[in-house]
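Chemist: In order, the protein sequence lines correspond to chains D and L. Just so we're aligned, residue 1 is where the first sequence starts under this note's numbering, counting upward by one. Just so we're aligned, residue 318 is where the second sequence starts under this note's numbering, counting upward by one. In this text, a Cβ means the ideal position worked out from N, Cα and C, and glycines have one as well. Values in this document were obtained by computation on a predicted structure and should not be read as measured data. Supplied in structure tokens, the structure appears directly below.
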Amino acid sequence: MSRSLRMTPARWAALGAAIIAIELANRVGGPGMSLVLAEMLILALFASSLNLLMSYGHMVSFGHSAFFGLGAYGFTLMVTKAGLPVEAALVFGPLAAALGGLVFGALCVRLTEIYFAMLTLACAQITFTVLFQWYDFTGGDTGITGFMDARFGLSEANFATLTLVVLGVCLAAMARIINSPLGMSIRSVGQDRWRAEALGLAPRRVQLVAFVIAAFFAGIAGTLFAVSQGSAFPDYAGLGFTLDALIMVVIGGLHSFWSGVIGAVIFTQLRHWAPLFTDHWELALGIILLVIVIALPHGVASVAGKLARMLGLEGRK
Amino acid sequence: MIWVQLVNGLMEGMMLFLIASGLTLIFGVSRIVNFAHGSLYMLGAFLTYALVPLVGPGTVAGFFAAVLLAGVATAAIGTAFEVLALRRIYGSDPLMQLIITVALVFIIRDVVRWIWGANSVTVPAPDALMGAFVIGGNYYPVFPFVIFGAGLVVVLVMIGIIRFTRAGIILRAGTDDRGMAALLGINERLIFTGVFAAGSFLAGIAGGMAAPYGDVNYLLDTTVIVSAFIVCVIGGLGNLYGALAGAMLVGITKAMGVLYFPRLSMVLIFLIMAVVLIARSLGRQGGPAR
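Pasting the structure below:
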């Protein structure tokens with residue numbers, strides 16, 4: 001089960017090394033590399049927000065992209081329709097996503113397990129359909145473009161550094177939430193909702209709070225993504241992004257704080273480099289998923305943990 | 318116009334039911350939600366596209382023979398997946414069971430694009446069914462009626478098998494109480510495989526029969542699976558007759574929506590589903606699946 005997040009010196013060292021490695025690759029690898037890294041970091045934030053729901057709240061959402069899309073559109077529509085300056089509109093992306101999380105969440109937490117997953121999927125599809133078909137307001141499938149300089153006009157490398165900083169702040173905030181009493185409640189409801197209820201928690205309310213928090217962070221990721229592209233499209237709320245994030249969490253391995261980040265790194269790098277070797281990336285992805293589910297059900301994070309224990313970096317639990 | 322759309326809605330509802338019934342039967346026995354069920358539908362449509370010119374282009378018998386063959390081929394692929402992959406993870410984390418079917422979605426989608434390309438293809442309806450007949454000044458195309466009828470036959474046969482044959486009794490026993498059925502000496506694995514094969518077959522023939530009705534392309538899998546999920550949620554997962562009611566409701570709402578509120582029909586369906594879910598969760602904790 002999901003444990004509280006404790007940072008040992010070895011983990012701090014690994015984290016520091018990872019940050020330095022990413023920033024180094026960003027500065028040395030050229031603009032193309034920086035773009036890939038920025039996308040990777042944004043998706044890491046998105047997947048981590050889903051992981052918050054899945055690993056700690058035990059709520060498997062199949063509609064998380066709704067909040068990614070709402071983040072992107074909440075931000076862009078405030079620029080194009082309300083005429084706010086870009087910097088001020090940034091706030092409204094995550095807010096729109098959190099509001100969406102409140103509405104959809106209130107509905108979805110009435111259900112559990114597979115029904116929950118299906119209803120979240122339906123909520124996301126509705127969001128997608130509205131964004132896709134409401135031409136007058138959202139521009140439909142042509143999306144919204146040309147309202148700002150992509151990346152605020154920052155260079156590719158500087159923008160990637162900015163996303164790294166945002167990801168770091170968000171992860172720190174998530175870690176604080178998970179280690180707080182609220183995080184405890186989320187985890188206890190996730191592990192056994194009946195026992196949590198017997199202990200005096202209101203499971204649905206706790207789940208709703210978790211849902212809104214996850215939607216908020218997904219909204220930050222969506223807003224950042226819209227900034228990085230300088231545009232917003234209905235696809236941001238589509239099933240594709242949800243599945244990508246789910247796969248990242250599964251590749252990373254459930255029940256770990258880092259599975260979203262680890263999964264995002266592996267997934268985006270695979271997706272970026274695989275086309276050099278094969279025309280059939282989706283086929284390869286399907287087979288990788290099959291192998292992971294059958295042979296490595298606890299994902300890559302479990303392998304990393306085992307390695308660390310074998311090398312004596314961490315004591316046995 | 319209303320009546321013409323009603324016929325279209327009934328036909329679409331019937332196809333939705335064929336898909337949703339497979340989904341719901343599989344869930345009832347093995348507690349697995351097959352995310353790849355829309356992919357099997359799509360595969361059935363593409364296989365029909367490939368088989369019609371070989372079996373008998375233009376004739377009614379040729380078309381339905383192609384649909385049946387496509388269904389059998391889809392069932393074979395579904396069975397292979399069940400035996401090779403799904404079987405290994407029964408009883409593990411439900412998320413992993415979902416993800417393994419998502420893996421099948423990617424695999425089928427890529428293979429379909431590999432073989433048939435990324436563009437839409439059209440499957441011609443048999444010549445004899447191309448016409449329309451006139452009642453009260455309205456032109457009714459023949460094809461939706463025939464497909465509705467064919468779907469009805471399939472559904473009646475299916476219900477007959479479930480109610481009156483030994484296989485159906487075993488299926489119902491497995492759905493009611495898996496452990497007890499196993500105790501009575503019924504081979505659980507055989508039920509799982511059999512139900513998955515039957516569900517794949519239903520999805521395959523639904524895809525084949527509906528193929529002439531619209532564009533067939535590799536994006537069909539997700540649109541279909543979302544509709545089928547909505548049907549299952551409205552009807553209650555594992556509940557065959559609920560799925561029938563849900564499928565008709567969704568099919569007719571979609572068809573009527575095209576007439577009166579083309580942009581809102583999906584939103585309306587979603588609202589219906591939300592109302593059903595809330596009404597149900599007031600009484601029980603979110604329905605039979607808990």
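Alpha carbons only, please: which of L:ALA499, L:ASN534 and L:GLY568 is nearest the one belonging to GLY434 (chain L)?
Modeler: Among L:ALA499, L:ASN534 and L:GLY568, the Cα nearest to that of GLY434 (chain L) is on L:ASN534.
Chemist: Just tell me which of D:GLN207, D:GLY222 and D:ASP149 has its CA closest to the CA of LEU182 (chain D).
Modeler: Nearest C-alpha to LEU182 (chain D): D:GLN207.
Chemist: Tell me whether GLU87 (chain D) is buried or exposed, calling it buried when 16 or more other Cβ atoms sit within 10 Å of its Cβ.
Modeler: The residue is exposed, with fewer than 16 neighbouring Cβ atoms inside 10 Å.
Chemist: Reducing DSSP to helix, strand and coil, say where ILE213 (chain D) ends up.
Modeler: ILE213 (chain D): helix per DSSP, three-state reduction.
Chemist: Suppose only complete runs of 3+ residues qualify. What are the beta strand (DSSP E) ranges in the segment 539–575 of chain L, listed by chain order?
Modeler: Correct list: empty.
Chemist: Anyone know if the C-beta pair for PHE546 (chain L) and ILE126 (chain D) falls short of 8 Å?
Modeler: No, the Cβ-Cβ distance between PHE546 (chain L) and ILE126 (chain D) is not below 8 Å.
Chemist: Does any C-beta atom of chain D lie closer than 8 Å to the C-beta of MET359 (chain L)?
Modeler: No, because no Cβ of chain D sits closer than 8 Å to the Cβ of MET359 (chain L).
Chemist: Which class does ASN455 (chain L) belong to by DSSP, given the choice of helix, strand or coil?
Modeler: In this structure, ASN455 (chain L) counts as strand in the three-state DSSP scheme.
Chemist: Measure the C-alpha to C-alpha separation of LEU417 (chain L) and ARG204 (chain D) and round it to an integer number of angstroms.
Modeler: At residue 417 (chain L) the sequence reads Ile, which differs from the Leu that was named. Taking the straight line joining both Cα atoms gives about 29 Å.
Chemist: Buried or exposed for VAL291 (chain D), please, with buried defined as at least 16 other CB atoms from any protein chain shown within 10 angstroms of its CB.
Modeler: It is exposed - the Cβ of VAL291 (chain D) has fewer than 16 other Cβ atoms within 10 Å.
Chemist: Between HIS272 (chain D) and chain L, is there a C-beta pair that is closer than 8 Å?
Modeler: Answer no: the Cβ-Cβ gap between HIS272 (chain D) and chain L never drops below 8 Å.
Chemist: Pairs of beta-carbons, one from the segment 37–53 of chain D and one from the segment 219–235 of chain D, closer than 8 Å: are there three or more?
Modeler: Cβ pair count under 8 Å is three or more, so yes.
Chemist: Apply the 10 Å Cβ neighbour rule to LYS317 (chain D) and answer buried if 16 or more other Cβ atoms are within range, or exposed otherwise.
Modeler: In this prediction, LYS317 (chain D) has a pLDDT of 42, which is less than 50 and means its spatial position is unreliable; nothing more can be read from the coordinates.
Chemist: When DSSP labels each residue in this structure, what does SER231 (chain D) get in the three-state scheme?
Modeler: Reduced to three states, the DSSP call for SER231 (chain D) is strand.
Chemist: Give the DSSP-derived three-state secondary structure of ILE503 (chain L) in the structure shown.
Modeler: Coil.
Chemist: Applying a beta-carbon distance threshold of less than 9 Å, which residues of chain D neighbour ASP494 (chain L)?
Modeler: Ordered by position in chain D, no residue passes the 9 Å Cβ test against ASP494 (chain L), which lies about 19 Å from the chain.
Chemist: Return the residues of the segment 419–452 of chain L that lie within a Cβ-Cβ distance of less than 9 Å from chain D, sorted by chain order.
Modeler: Listed by position, the residues of the segment 419–452 of chain L near chain D (Cβ gap below 9 Å) are VAL419, ALA420, LEU421, VAL422, PHE423, ILE424, ILE425, ARG426, ASP427, VAL428, ARG430 and TRP431.
Chemist: By the 10 Å Cβ neighbour count, where 16 or more other Cβ atoms means buried, how is ILE595 (chain L) classified, buried or exposed?
Modeler: Exposed, by the Cβ-count rule.
Chemist: What's the C-alpha gap between LEU107 (chain D) and ILE589 (chain L)?
Modeler: Straight-line Cα distance between these residues: approximately 13 Å.
Chemist: Return no unless some Cβ of chain D is closer than 8 Å to the Cβ of ARG489 (chain L).
Modeler: ARG489 (chain L) does not count as touching chain D.
Chemist: Using a C-beta to C-beta distance shorter than 8 Å, which residues of chain L count as neighbours of ALA122 (chain D)?
Modeler: Within 8 Å Cβ-Cβ: VAL543, PHE546, ILE547, VAL550, PHE587 and MET590.
Chemist: Does DSSP put ILE349 (chain L) in a helix, in a strand, or in coil?
Modeler: Note: ILE349 (chain L) maps to coil in three-state DSSP.
Chemist: Out of L:GLY361, L:ARG348, L:VAL346 and L:THR341, which one is the CA nearest neighbour of PHE518 (chain L)?
Modeler: The residue with the shortest Cα to Cα distance from PHE518 (chain L) is L:GLY361.
Chemist: Going by DSSP, what residues sit across from THR145 (chain D) in a beta bridge?
Modeler: BP columns for THR145 (chain D) point to D:SER231.
Chemist: Please report whether the beta-carbon of LEU86 (chain D) lies at a distance below 8 Å from any beta-carbon of chain L.
Modeler: This sequence places Val at residue 86 (chain D); Leu is not what is there. Chain L contact via Cβ: absent.
Chemist: Can you tell me whether DSSP reads PHE450 (chain L) as helix, strand or coil?
Modeler: It is a strand residue.
Chemist: Could you please tell me which residues of the segment 238–268 of chain D, in chain order, have their CB closer than 8 Å to any CB of chain L?
Modeler: Under the 8 Å Cβ criterion, the segment 238–268 of chain D contributes LEU239, LEU243, LEU246, ILE247, VAL250 and LEU254.
Chemist: Short of 9 Å Cβ to Cβ, which residues in the segment 551–577 of chain L face chain D?
Modeler: Within the segment 551–577 of chain L, the qualifying residues are LEU554.
Chemist: Using a Cβ-Cβ distance cut-off of 8 Å, determine whether ALA402 (chain L) contacts chain D.
Modeler: Yes, contact with chain D.
Chemist: Just the C-alpha distance for VAL321 (chain L) and ALA449 (chain L), rounded to the nearest angstrom, thanks.
Modeler: Going from the Cα of VAL321 (chain L) to the Cα of ALA449 (chain L) covers about 11 Å.
Chemist: Using 8 Å as the threshold, is the segment 402–420 of chain L in touch with the segment 267–277 of chain D, meaning 3 or more CB pairs across them?
Modeler: These segments do not touch.
Chemist: Which residues does DSSP pair with VAL438 (chain L) in a beta bridge?
Modeler: Beta-bridge pairing links VAL438 (chain L) to L:VAL533.
Chemist: May I ask you to list, following chain order, the residues of the segment 376–407 of chain L that have a beta carbon less than 7 Å from some beta carbon of chain D?
Modeler: Against chain D - using a Cβ distance shorter than 7 Å - the residues of the segment 376–407 of chain L are ALA402, ARG405 and ILE406.
Chemist: Could you tell me the boundaries of the alpha helix (DSSP H) in which LEU111 (chain D) lies?
Modeler: Counting along the chain, LEU111 (chain D) falls outside any alpha helix (DSSP H), and DSSP gives it neither H nor E.
Chemist: So for HIS280 (chain D), helix, strand or coil by DSSP?
Modeler: Here HIS280 (chain D) sits in coil by DSSP.
Chemist: Hey, would you say GLY263 (chain D) sits closer than 8 Å to MET248 (chain D), going by beta carbons?
Modeler: The answer is yes: Cβ separation under 8 Å.
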